[in-house]
Amino acid sequence: MNTNLLLGVQNLSVAFDTRHGRVAVLDNVNLHLHKGETLAIVGESGSGKSVTAYAALGVLDPAGKITSGKVEFDGRNLLELSPQEMRKLRGRDLAMIFQSPRTALNPIRKVGQQIEDVLQAHNPGMSGKERKEAAIEQLASVKITDPARRYNAYPYELSGGMCQRVMIAIALACKPRLLIADEPTTGLDVTTQVVIMDLVHELAQAHGMATILITHDLRLAANYCSRVAVMHAGQVLEDAPIANLFKGARHPYTKRLIAATPKPGITLEKLASIPGQLPDLRQPQPPCRFSARCDRCVPECAAPGLTLVPYSDNASHLIACRNPL
Amino acid sequence: MKQFEEWRYLLLQNPLTLIALIVFIGVVICALFAPWLVPYDPFASDTVNALQPPSANNWFGTDQLGRDIFSRVIMGARMDLGIAVGAVALAAAIGTFLGACAGFYGGHFDQAVGRGVDIIMAFPLFVLAMAIVAGLGNNVINVVYASAIINMPFYVRVVRSEILILKNAGFVEAARLCGNSNKRILWFQLLPNVSAPLVVQMSLNMGWSMLNAASLSFVGLGIRPPTPEWGIMVAEGAHYIISGQWWVALFPGLALTLVVLCFNLLGDGLRDIIDPRRRT
Amino acid sequence: MQNSTFNLILRRLIGAIPSLFAVIVVTFMVMRLLPGDPAAFFAGAAASAEAVEQVRHQLGLNESLLTQFWIYLKDLAQGDMGKSFTTGQPVTHDLMERLPASLELTLLGLLIAIVIGLPLGMLAATRPNSWIDHLCRLLTTSGVCLPTFFTGLVLIYIFYYLLGWAPAPMGRLDLFSSPPQDVTGFYLIDSAITGEWAIFRSALAQLILPAITLALFALAPLARMTRAGMLGVLNSDFIRSAKAAGLPRRVILVRYALRNTLLPVINTMGMVLSYLLGINVLVEKVFAWPGIGSYALEALIASDYAPVQGFVLSIAVLYVLLNLVVDLVCSLIDPRVERAA
Ligand SMILES: Nc1ncnc2c1ncn2[C@@H]1O[C@H](COP(=O)(O)OP(=O)(O)OP(=O)(O)O)[C@@H](O)[C@H]1O
Ligand SMILES: [Mg+2]
Numbered sequence: 010m011n012t013n014l015l016l017g018v019q020n021l022s023v024a025f026d027t028r029h030g031r032v033a034v035l036d037n038v039n040l041h042l043h044k045g046e047t048l049a050i051v052g053e054s055g056s057g058k059s060v061t062a063y064a065a066l067g068v069l070d071p072a073g074k075i076t077s078g079k080v081e082f083d084g085r086n087l088l089e090l091s092p093q094e095m096r097k098l099r100g101r102d103l104a105m106i107f108q109s110p111r112t113a114l115n116p117i118r119k120v121g122q123q124i125e126d127v128l129q130a131h132n133p134g135m136s137g138k139e140r141k142e143a144a145i146e147q148l149a150s151v152k153i154t155d156p157a158r159r160y161n162a163y164p165y166e167l168s169g170g171m172c173q174r175v176m177i178a179i180a181l182a183c184k185p186r187l188l189i190a191d192e193p194t195t196g197l198d199v200t201t202q203v204v205i206m207d208l209v210h211e212l213a214q215a216h217g218m219a220t221i222l223i224t225h226d227l228r229l230a231a232n233y234c235s236r237v238a239v240m241h242a243g244q245v246l247e248d249a250p251i252a253n254l255f256k257g258a259r260h261p262y263t264k265r266l267i268a269a270t271p272k273p274g275i276t277l278e279k280l281a282s283i284p285g286q287l288p289d290l291r292q293p294q295p296p297c298r299f300s301a302r303c304d305r306c307v308p309e310c311a312a313p314g315l316t317l318v319p320y321s322d323n324a325s326h327l328i329a330c331r332n333p334l
Numbered sequence: 062m063k064q065f066e067e068w069r070y071l072l073l074q075n076p077l078t079l080i081a082l083i084v085f086i087g088v089v090i091c092a093l094f095a096p097w098l099v100p101y102d103p104f105a106s107d108t109v110n111a112l113q114p115p116s117a118n119n120w121f122g123t124d125q126l127g128r129d130i131f132s133r134v135i136m137g138a139r140m141d142l143g144i145a146v147g148a149v150a151l152a153a154a155i156g157t158f159l160g161a162c163a164g165f166y167g168g169h170f171d172q173a174v175g176r177g178v179d180i181i182m183a184f185p186l187f188v189l190a191m192a193i194v195a196g197l198g199n200n201v202i203n204v205v206y207a208s209a210i211i212n213m214p215f216y217v218r219v220v221r222s223e224i225l226i227l228k229n230a231g232f233v234e235a236a237r238l239c240g241n242s243n244k245r246i247l248w249f250q251l252l253p254n255v256s257a258p259l260v261v262q263m264s265l266n267m268g269w270s271m272l273n274a275a276s277l278s279f280v281g282l283g284i285r286p287p288t289p290e291w292g293i294m295v296a297e298g299a300h301y302i303i304s305g306q307w308w309v310a311l312f313p314g315l316a317l318t319l320v321v322l323c324f325n326l327l328g329d330g331l332r333d334i335i336d337p338r339r340r341t
Numbered sequence: 068m069q070n071s072t073f074n075l076i077l078r079r080l081i082g083a084i085p086s087l088f089a090v091i092v093v094t095f096m097v098m099r100l101l102p103g104d105p106a107a108f109f110a111g112a113a114a115s116a117e118a119v120e121q122v123r124h125q126l127g128l129n130e131s132l133l134t135q136f137w138i139y140l141k142d143l144a145q146g147d148m149g150k151s152f153t154t155g156q157p158v159t160h161d162l163m164e165r166l167p168a169s170l171e172l173t174l175l176g177l178l179i180a181i182v183i184g185l186p187l188g189m190l191a192a193t194r195p196n197s198w199i200d201h202l203c204r205l206l207t208t209s210g211v212c213l214p215t216f217f218t219g220l221v222l223i224y225i226f227y228y229l230l231g232w233a234p235a236p237m238g239r240l241d242l243f244s245s246p247p248q249d250v251t252g253f254y255l256i257d258s259a260i261t262g263e264w265a266i267f268r269s270a271l272a273q274l275i276l277p278a279i280t281l282a283l284f285a286l287a288p289l290a291r292m293t294r295a296g297m298l299g300v301l302n303s304d305f306i307r308s309a310k311a312a313g314l315p316r317r318v319i320l321v322r323y324a325l326r327n328t329l330l331p332v333i334n335t336m337g338m339v340l341s342y343l344l345g346i347n348v349l350v351e352k353v354f355a356w357p358g359i360g361s362y363a364l365e366a367l368i369a370s371d372y373a374p375v376q377g378f379v380l381s382i383a384v385l386y387v388l389l390n391l392v393v394d395l396v397c398s399l400i401d402p403r404v405e406r407a408a
């Protein structure tokens, strides 16, 4: 239909087999992303943001099973590809930056070699010398000073920010078309956060790369993305352009999330918090997993078949709520 | 009552542990009541019937002196089990005391204990045990001491690290504010919390101690013939293996293997029950 | 680069000195604990009163403990560990003569254990709950329960008595072969160097059962540690990011997972070595292996204590040195260790 569509996640459900039985972590997640677009996925810790990204990339833990759904990338359903084909796509067309840069790098391999490993996996024709040059160039492109020397560094010798730059260099080594950045700035100090985010943004723009930014910080999403998908307990509750969302959030959860975001001039006491906590997914859940925490809950909320639908006539503002604001 | 329910549930979840527990109880009964359980006098030789294969009369056959191997295997449970229990108890008592003091008071004492442990661990432990028995004198009680010494480092380490963790937990401060002395805190507040890892360590150690004791007597240290003991019996049977009389060595060897296996399974099971985090 | 490796080796060697010294002190103390009159023991059972007195004087037993220790150290520095009255030779000479036999056996056993244990643990970790995982668990649980002396006898019974595949368990060579020219003292290597393949075959045939006996025991801790380590590594973040970067499975398993798994495995290798060196004594007795273990046992039975001390000391020194090698290998694999040192 839409030739501009790069990634379409449809009704994706993921369950984990745990000691306490099967836990349905993702429930019919729907996401879409156009070429060159930047989308933010926002939600509390534990809402399934990372799991969504892992499932799309096919790097879930062995305990995780995709129970239904489709992940379409450029018109192909990734879930039906052979492991070989999927491997070739990963790193070359789809790349990911991870939450904790320190542990996401192999601790006993030089960072330059780790970049080379990716180059080697996707460009078998490259000679060793070319690879090394390309790796150093890649380090330079993420603004690491003295890249030829840093090529020989081990992750433990680098700061967290530096490690994250290396991660970015690895992710962008093959100029992917889609970059998923999973909370790329957690664990970094505020100034480094800004520098890293600017770097990601700049490089994404330069390559015309579509980006998914996973974060729990709405302000970060507002600064760098054009659209936001709000997740809660494994469900996408609202999906709207950033301006619409801040002007008129329609889902009660989004409203509270915005109210809970620190802003200049608001003291901590005045900052609203979201009542209750994420539901225990080991228990059976109602169709709307937010209903237990929601003050606008109505009897219809218990009816099955909750889906993301356009709010009134605005096709770009999607919402999954029976009693929207 | 609730505790009991939980244990029952956990044991049924781990059938291997349950089996090991049953075998263990059986071995303890053998060891305690051996003299009344055996069909023949384990010392009575009968040279006419020497080296007879297993039969209805002698279930495990007879050895080179015509003694009933079944009776000797049953009696043998006493020696190895006794040595292992003695060694582990001694090692646990001294090791816990040293480890607890080292962890709690720190400083020079801690360093000295650490050095001592390092020195023991600088030897291959079985060779150290051999040397100690050779040095102290070749008898059973010295085997117990030697086994205790080579087991001790493990207890010192376990207890010391646990105490170090507990020491910084809030309730020590709370106890001190309530006016408890250091000594009271250590022995009455901290030590009971160490008992779980200690029990696990002990049951894992038992099998190893039995192997050590049997190995020492196999090479001629500690227990002497004609005492029925599994290591010695295997050593005696070794002479007859190459002429095909397998039963002399096989049954005591199997008994030893079985008991050690059962201790290890029990230890693993206990660890899973007490400390689910360290499951492998 | 080379210079830093050399520095590292030097640092580790210096670091091992305290352990070596402790080992010497303990061995000395054990000697002093001997019941009865050490002089009488050292002089031998049949010695006359003057001979005993002379030995007492020689050993400096009339001096203070500290002086005695000093004498002991001085003798050791000259490679003098006393004399064995059963063989009539200096203990050092006897030990040096038999050490290669023990080492060849131990190292081959370790090699077999590594060659089987590491892949087994790795495969078990990559395929949880498959048959290979169950096999691995069975081996690791039962392996540590088998009394080595008993396993050795069972192997002899099956492969020598029943099947006739293995030669009689009577030392390093069959009766018709003579030792190869002495280069390293390892028969396998020496005969391979000189190309005497008949001797090589004979030596290997004699070695195989005792080496397997040792390996069966060492296999268990090795496979267990490899499996646990590999499981931990496979669950770590950097494996996920390597997968997300599209690295081939083989590269992930070997270059990323295996090397990280090897670290803890090599680190705990000291424990395996401790077992192996101890167990070696038992295996040497079972297979009539002319190594230092059976030498010490014979001396022990004959109350000939100088060889026993020599044996304990040399095994302990060997252990310290092997641990040193393990340490070095570790720091060569792991760049982080070097900086910490
Ligand atoms: N291997 C696993 N086994 C069982 N449950 C898992 C596993 N991995 C994730 N989960 C569950 O999936 C849910 C979502 O986890 P996820 O890591 O996606 O959260 P998140 O939104 O990324 O949170 P954060 O902001 O902390 O990264 C959590 O409730 C977690 O408990
Ligand atoms: Mg996450």
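Protein chains in written order, with my numbering: chain A, 10 to 334; chain B, 62 to 341; chain C, 68 to 408. Note that the Cβ used here is the ideal one computed from N, Cα and C, for glycine as well.
In terms of residues, what are the limits of the beta strand (DSSP E) holding residue i?
{"i": "P20(A)", "result": "With the sequence shown as reference, residue 20(A) is identified as Asn, and Pro is not the correct amino acid for it. Element bounds for N20(A): L14 to T27."}
{"i": "G240(A)", "result": "The sequence as given places Met at residue 240(A); Gly does not occur at that position. It spans R236 to H241 - the beta strand (DSSP E) in which M240(A) sits, taken as one unbroken run."}
{"i": "D191(A)", "result": "L187 to D191"}
{"i": "K352(C)", "result": "Segment M336 to V353 is the alpha helix (DSSP H) holding K352(C); no beta strand (DSSP E) there."}
Check whether the Cβ of residue i lies closer than 7 Å to any heavy atom of ligand 1, and answer yes or no.
{"i": "G285(A)", "result": "no"}
{"i": "F187(B)", "result": "no"}
{"i": "S22(A)", "result": "no"}
{"i": "V32(A)", "result": "yes"}
{"i": "H29(A)", "result": "no"}
{"i": "L290(A)", "result": "yes"}
{"i": "D257(C)", "result": "no"}
{"i": "G78(A)", "result": "no"}
{"i": "A72(A)", "result": "yes"}
{"i": "G283(B)", "result": "no"}
{"i": "S308(C)", "result": "no"}
{"i": "F299(A)", "result": "no"}
{"i": "G55(A)", "result": "yes"}
{"i": "F25(A)", "result": "yes"}
{"i": "H210(A)", "result": "no"}
Please list the terminal residues of the continuous alpha helix (DSSP H) segment that includes residue i.
{"i": "K141(C)", "result": "L132 to A144"}
{"i": "F312(B)", "result": "W308 to I335"}
{"i": "A105(B)", "result": "Note, A105(B): premise wrong, no alpha helix (DSSP H); not H, not E."}
Leaving aside the five residues before and after residue i along the sequence, list all residues of the same chain whose C-beta is less than 7 Å from its C-beta, in chain order.
{"i": "V295(B)", "result": "F279, A310, P313 and G314"}
{"i": "P186(C)", "result": "none"}
Write down the C-beta distance between residue i and residue j rounded to the nearest angstrom, noting that I regard them as a contact closer than 8 Å.
{"i": "S56(A)", "j": "G243(A)", "result": "7 Å"}
{"i": "R186(A)", "j": "A219(A)", "result": "6 Å"}
{"i": "A329(A)", "j": "V245(A)", "result": "7 Å"}
{"i": "L48(A)", "j": "R259(A)", "result": "Contact flag wrong, Cβ pair sits at about 18 Å."}
With a CB to CB cut of under 6 Å and the five nearest residues on each side skipped, what residues in its chain are close to residue i?
{"i": "A92(B)", "result": "A138, R139 and L142"}
{"i": "F107(A)", "result": "A113 and D191"}
{"i": "G184(C)", "result": "L286, L289 and A290"}
{"i": "S121(A)", "result": "Note on identity: in this sequence residue 121(A) is Gly, with Ser being the wrong assignment. So the list reads A144 and Y160, once near-sequence residues are dropped."}
Starting from the C-beta of residue i, find all residues in its chain whose C-beta is less than 8 Å away, skip the five residues before and the five after it, and write them out in chain order.
{"i": "K310(C)", "result": "I319"}
{"i": "I153(A)", "result": "R159, M171, R174, V175 and A178"}
{"i": "V396(C)", "result": "I333"}
{"i": "V92(C)", "result": "F136"}
- Going along the chain, which residues put their C-beta within less than 7 Å of some heavy atom in ligand 2? K58(A), S59(A), Q108(A), D191(A), E192(A) and I223(A)
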